[in-house]
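Chains as they are written, first to last, in this note's numbering: chain C, 1 to 112; chain E, 1 to 111.
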Amino acid sequence: DQQVKQNSPSLSVQEGRISILNCDYTNSMFDYFLWYKKYPAEGPTFLISISSIKDKNEDGRFTVFLNKSAKHLSLHIVPSQPGDSAVYFCAASNFGNEKLTFGTGTRLTIIP
Amino acid sequence: DAGITQSPRHKVTETGTPVTLRCHQTENHRYMYWYRQDPGHGLRLIHYSYGVKDTDKGEVSDGYSVSRSKTEDFLLTLESATSSQTSVYFCATGTGGYGYTFGSGTRLTVV
């Protein structure tokens with residue numbers, strides 16, 4: 001049972017426009033959410049996170065939104081740049097549990 | 001010096017042979033994890049460790065075993081490799097509340 005889902009396997013966005021990546025979860029016990037970025041032949045790297053007590057967290061071009069009632073989070077990248085082309089994974093955990101549950105990933109391609 | 005080193009980076013092995021993947025960390029982190037990445041499945045937890053000699057199973061642990069005799073080393077063993085274990089394996093350290101740091105991965109092909 002996939003507790004964290006990314007329903008779009010791929011997404012293409014024009015350079016300079018906004019990229020929106022979506023993630024849904026089913027476990028209401030999750031209270032911490034993260035986004036990771038992965039380039040080919042490298043390990044995933046941490047991008048941005050959000051606690052369940054917030055509904056938005058911003059870091060430069062990256063903003064994560066959390067809608068707890070809908071069990072949905074999204075990552076906004078604006079403006080999108082060619083270096084943003086990568087696979088993005090969302091992940092979730094709950095307090096006291098050190099394990100992260102990851103989604104299936106979305107491959108983002110930025111078109112110059 | 002890299003915080004997490006995985007070895008080997010690439011390996012091709014035959015069905016039925018044992019394989020051991022190594023993860024070495026220099027961060028003195030208590031928690032370590034092994035994940036596998038497969039198309040359509042994302043990252044799935046195989047086994048994890050919360051201290052020396054303390055390990056537990058993840059969601060896809062069948063066919064795998066782990067050992068952690070020192071804080072810095074976490075070994076993943078495929079007792080008898082099968083083609084379904086062809087994958088990219090990632091080691092990580094960290095906690096759920098602060099996120100993980102991943103190694104660069106081991107690409108394993110079982111033929």
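A virtual CB, placed ideally from N, CA and C, is assigned to each residue, including glycine.
Have a look at the options and flag the residue whose alpha-carbon is nearest the alpha-carbon of residue i.
i                : options                             : result
Leu75 (chain E)  : E:Asp54, E:Asp38, E:Gly94, E:Ser83  : E:Asp54
Arg61 (chain C)  : C:Gly105, C:Leu34, C:Ser80, C:Tyr32 : C:Ser80
Leu108 (chain E) : E:Thr101, E:Tyr31, E:Gln85          : E:Gln85
Thr77 (chain E)  : E:Tyr31, E:Gly63, E:Lys70, E:Val88  : E:Gly63
Thr82 (chain E)  : E:Gly94, E:Gly97, E:Pro18           : E:Pro18
Gln14 (chain C)  : C:Ser93, C:Ser52, C:Gly103, C:Ile77 : C:Ile77
Rounded to the nearest angstrom, what separates residue i and residue j at their Cα positions?
i                : j               : result
Glu14 (chain E)  : Ser80 (chain E) : 9 Å
Asp56 (chain E)  : His47 (chain E) : 6 Å
Tyr88 (chain C)  : Pro82 (chain C) : 14 Å
Val111 (chain E) : Val12 (chain E) : 7 Å
State yes or no: is the C-beta of residue i within less than 9 Å of the C-beta of residue j?
i                : j               : result
Cys91 (chain E)  : Gln37 (chain E) : no
Leu100 (chain C) : Leu21 (chain C) : no
Gly51 (chain E)  : Trp34 (chain E) : no
Gly103 (chain E) : Ser93 (chain C) : no
Grouping DSSP H, G and I as helix and E and B as strand, with all else coil, what is residue i?
i                : result
Gly103 (chain C) : coil
Gly96 (chain C)  : coil
Ser84 (chain E)  : helix
Tyr116 (chain E) : The question about residue 116 (chain E) has no answer, for chain E in this structure spans 1 to 111.
Gln37 (chain E)  : strand
Met29 (chain C)  : coil
Asp1 (chain E)   : Because the pLDDT at Asp1 (chain E) is just 47, under 50, the model does not fix this residue reliably, and the value given afterwards should be weighed accordingly. If DSSP states are grouped into helix, strand and coil, Asp1 (chain E) belongs with coil.
Beta strand (DSSP E) containing residue i: first to last residue?
i               : result
Gly83 (chain C) : Gly83 (chain C) -> no beta strand (DSSP E), and no H or E assigned at all.
Arg68 (chain E) : 64 to 70
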